[in-house]
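Our numbering runs 216 ahead of the 1-based position in the sequence shown.
Ideal Cβ placement from N, Cα and C applies to all residues, glycine included.
See below for the structure under consideration.
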Amino acid sequence: GDNADIVIWDILTGEKVQVISCAFHGPIGALIWIPEMPDLVPGFAFGCADGSIHVYQRVKLSSNYQYLTQELVHDGPILDLKFDTQFGRLASVGGGFPQVECYSIEPWALKWSKQLRTHMCNYSAYSDLSENYLAVTNLHDGVDLYSVPNMQLIKTYSHGNANTAIFKVSFVNKGWLVSGGQDGFARMYDVRSGQLVQKLEHDSGM
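Following this line, the structure appears as structure tokens:
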């Protein structure tokens, strides 16, 4: 979290198992579990505000985790991490630059890079029979919907106020888009029409 601590809990007992501090590297922006695979010990990776990624492995016959490695991979904060279970690869989003890059895996190569109109803080992808979409929560006014791969801005789902918080966005149920917000509501939109379908109330920003 913002205090640069990772807390590992036993969800059955509620016991705090381990605390890992990385205060020197700044707040933690993303964390992802690494599952057990052939030739790969399970663990987790997390990214910090200084652009570094840290990897920890589970200690054999223990519930604790030990440091494995770290790399400085971006010039700015790590915003998101994804792990490819098929090839055992880790992908990161960070650096503070408002752009999207697409890579082929075999061979590993940059296919295209496109500039966005604002910085992105969260994203979700969706495909149907006729179109590929990328939804991006921006730090300006809400959620931007882009077509892929030309990255043309199709529409903006505005929250009606300045957006200074990081919140999740996700495509659900074949054509609906759900996003959090800082005013205590989750919003559900129809992707094609752009209409607000429903607002779900929560106690605080989400």
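By the three-class DSSP mapping on this structure, what secondary structure does residue i have?
{"i": "ALA351", "result": "strand"}
{"i": "ALA239", "result": "helix"}
{"i": "MET367", "result": "coil"}
{"i": "LEU277", "result": "coil"}
{"i": "PHE401", "result": "strand"}
{"i": "THR229", "result": "coil"}
{"i": "SER409", "result": "coil"}
{"i": "THR334", "result": "coil"}
{"i": "ASP360", "result": "strand"}
Would you mind reading off the limits of the beta strand (DSSP E) that contains residue i?
{"i": "HIS270", "result": "268 to 274"}
{"i": "GLN327", "result": "The residue asked about is misnamed: residue 327 is Lys in this sequence, not Gln. Note, LYS327: beta strand (DSSP E), 325 to 331."}
{"i": "LEU297", "result": "294 to 300"}
{"i": "ASP291", "result": "Premise fails: ASP291 is in no beta strand (DSSP E) and is neither H nor E."}
{"i": "ASP226", "result": "221 to 226"}
Give a single yes or no on whether residue i has its beta carbon closer than 7 Å to a heavy atom of the ligand PLP.
{"i": "TYR281", "result": "Absence of the ligand PLP is noted for the structure shown, with no ligands found whatsoever."}
By DSSP's criteria, residue i is part of a beta bridge. Which residues make up the other side?
{"i": "ALA261", "result": "ILE248 and VAL271"}
{"i": "SER386", "result": "VAL394"}
{"i": "VAL309", "result": "ASP296"}
{"i": "LEU416", "result": "ALA402"}
{"i": "LEU256", "result": "MET253"}
Just to confirm, are residue i and residue j a CB contact at a threshold of 8 Å?
{"i": "VAL407", "j": "LEU361", "result": "yes"}
{"i": "TYR373", "j": "TYR405", "result": "yes"}
{"i": "ALA261", "j": "LEU297", "result": "yes"}
{"i": "GLY311", "j": "LEU256", "result": "no"}
{"i": "MET367", "j": "VAL309", "result": "no"}
{"i": "VAL235", "j": "ASP221", "result": "yes"}
{"i": "ALA424", "j": "VAL364", "result": "Since the first residue of the chain shown is 217 and the last is 422, residue 424 is not available in this structure."}
{"i": "GLY259", "j": "GLN273", "result": "yes"}
{"i": "PHE299", "j": "ILE224", "result": "no"}
Between the region 254 to 274 and the region 286 to 297, do at least 3 Cβ pairs fall closer than 8 Å?
yes
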